[in-house]
Amino acid sequence: MKKTLLTLAATCLFSLSLASCNEQSGFDASQNIVPFTRDTESGTREGFMEKIGLSAASKDNSALKASVQEVTSNGDMVQKISSNEYGIGYFSHDSITEAEESGVKVLTYNGVEATEENILSGDYELARNFNYCIANETDATKKLIVDAFVAYMSTSEGLTTIQANGGIVNITPTTPSWTTVKAQYPGIEDDHSSVTINFGGSTSVEKIAKALSADFSARAGNFQAAHNHTGSGDAYTSTQGSKAGALDIAFASREFKLTDGEPLAEGTYGLVCIDGIVIGVNNQNSLTDITPDQCKNIYSIDGNINTWTDILG
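For the sequence shown, the working numbering gives the first residue as 8, with consecutive numbering after it.
The following block contains the structure:
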């Protein structure tokens, strides 16, 4: 009797294990691909579409297949891919840990892994800059704080904060410290607790922007930092465009279109850091690498990749 029970138990365990294996290997490559994209105000979307050779879709959904679904943020993108076995999408390098913990597999791009080293060297080609722009301040105190903040971003302390919050930077022994730079901004340590500096722009840069403003406020008289990040498209508009002055400092996760609708004044914009755009699929998918051409054919209305069999065979 005892031997029979042991045999039955072993059989059950084997059956459960087999069922589990079947469940994990149940990916049906004949199913349609479910592509996810960011909205048309997203700098991440623009960077991705331009890099894969589909610039027409940077700001225009009509260039995309009807099957492409729009998401609102990096976090939303990760959630959508993790909950859809046949999904694919793209997100900021800083979201890799969150993605992998959520059941999303990060793909290599053209055979290159999205490491910080590969992004800095240029070997990983799906990368873009995080940039800032500032308003043409008329208030002397605000101008002092804004100008000092811009300088702070390039110091060893500022770059360390950027790096700690997902930005890819290159800190060297010759990088200046805030201690040496602050002398160029007399009065910056005065009490500024009654002054509010408005930050906004890219949602991808929001985490970095909030960390920088909190860090710098303590070094600049405890000014109040107000954040309203609605997308890269609002960076120019709310600093020097149609809503000029609504933001004092704004960020974009793409290059500014200086000759095409975003004519920022010289000396009012620059680089914050570098970021990689990574492509992810659900963990159930066996795909490990993808090419720009495959990405284009997945997303483009004229593309010929519609099911996972078209890639996986």
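We treat Cβ as the ideally placed atom computed from N, Cα and C, and that holds for glycine.
Query raised in the report: Taking the alpha-carbon positions, what's the Val111 to Val288 distance?
Result: Near 6 Å, if we compare the C-alpha coordinates of Val288 and Val111.
Report task. Ignore the nearest five residues each way along the sequence and tell me which others in Ala253's own chain have a CB closer than 6 Å to its CB. Result -> Cβ within range, chain order: Ser245.
Requested in this report: Report, in whole angstroms, the separation of the C-beta atoms of Ile175 and Leu127, which I expect to be a contact under 8 Å.
Outcome: Yes, Ile175 and Leu127 are in contact; Cβ-Cβ is about 6 Å, under 8 Å.
Report task. May I have a chain-ordered list of the alpha helix (DSSP H) segments no shorter than 4 residues that lie completely inside the region 157 to 196? Result -> Listed in chain order, the complete alpha helix (DSSP H) runs (minimum 4 residues) inside the region 157 to 196 are 163 to 171 and 185 to 188.
Query - Beta-carbon separation (whole angstroms), Pro299 vs Ile59, contact threshold 8 Å - result: For Pro299 against Ile59, the beta-carbon gap comes to about 5 Å, under 8 Å, which counts as contact.
Query - Three-state secondary structure assigned by DSSP to Leu142 - result: What sits at residue 142 in the sequence shown is Ala, not Leu. In the three-state reduction of the DSSP assignment, Ala142 falls in the coil class, being assigned neither a helical nor a strand state.
Query - Beta-carbon proximity list for Ala142, same chain, < 7 Å, skipping 5 on both sides - result: Closer than 7 Å at Cβ, skipping near neighbours: Thr246, Gln247, Ala251, Gly252, Leu254 and Asp255.
Query raised in the report: Would Ser199 pass as a contact of Thr148 if the rule is Cβ separation under 8 Å?
Result: In the sequence under discussion, the amino acid at residue 199 is His, which differs from the Ser named in the question. For the 8 Å CB-CB criterion, His199 and Thr148 form a contact.
Query raised in the report: Distance, Cα to Cα, Ile195 vs Lys217?
Result: Looking at the two C-alpha atoms, the distance is approximately 19 Å.
Requested in this report: Using beta-carbon positions only, say whether Phe258 and Asn68 come within less than 8 Å of one another.
Outcome: No, the pair does not count as a contact, with Cβ atoms beyond the cut-off.
Requested in this report: Excluding the 5 residues preceding and the 5 following Asn304 in the sequence, name in chain order all residues of the same chain whose CB lies nearer than 7 Å to its CB.
Outcome: Taken in chain order, the residues that qualify are Gly310, Asn311 and Ile312.
Query raised in the report: Excluding the five sequence neighbours on either side, which residues of its own chain have a C-beta within less than 6 Å of the C-beta of Gly50, listed in chain order?
Result: The residues are Ser209, Ser239, Ala259, Ser260 and Arg261.
Requested in this report: Let me know if Gly54 comes out buried or exposed under the rule of 16 or more other beta-carbons within 10 Å of its beta-carbon.
Outcome: Here Gly54 is buried. Its C-beta has 16 or more other C-beta atoms within 10 Å.
**Report entry** Lys66 beta carbon less than 8 Å from that of Ile308
**Finding:** Lys66 is positioned such that its CB atom lies no closer than 8 Å to that of Ile308.
Query raised in the report: Between the region 89 to 108 and the region 279 to 296, are three or more C-beta pairs nearer than 8 Å?
Result: Judged by Cβ distances under 8 Å, the region 89 to 108 makes contact with the region 279 to 296, as three or more pairs qualify.
Query raised in the report: Excluding five sequence neighbours on each side, which residues of the same chain lie with their C-beta closer than 6 Å to the C-beta of Thr47?
Result: Apart from sequence neighbours up to five positions away, the residues of its chain that approach Thr47 with a beta-carbon distance below 6 Å are Lys66, ordered along the chain.
Query raised in the report: Counting Cβ pairs closer than 8 Å, one from the region 73 to 88 and one from the region 180 to 193, do we hit at least three?
Result: Contact fails: fewer than three Cβ-Cβ distances are below 8 Å.
Query raised in the report: Roughly how many angstroms lie between the CA atoms of Ser109 and Leu294, to the nearest whole one?
Result: Approximately 17 Å, taken between the alpha carbons.
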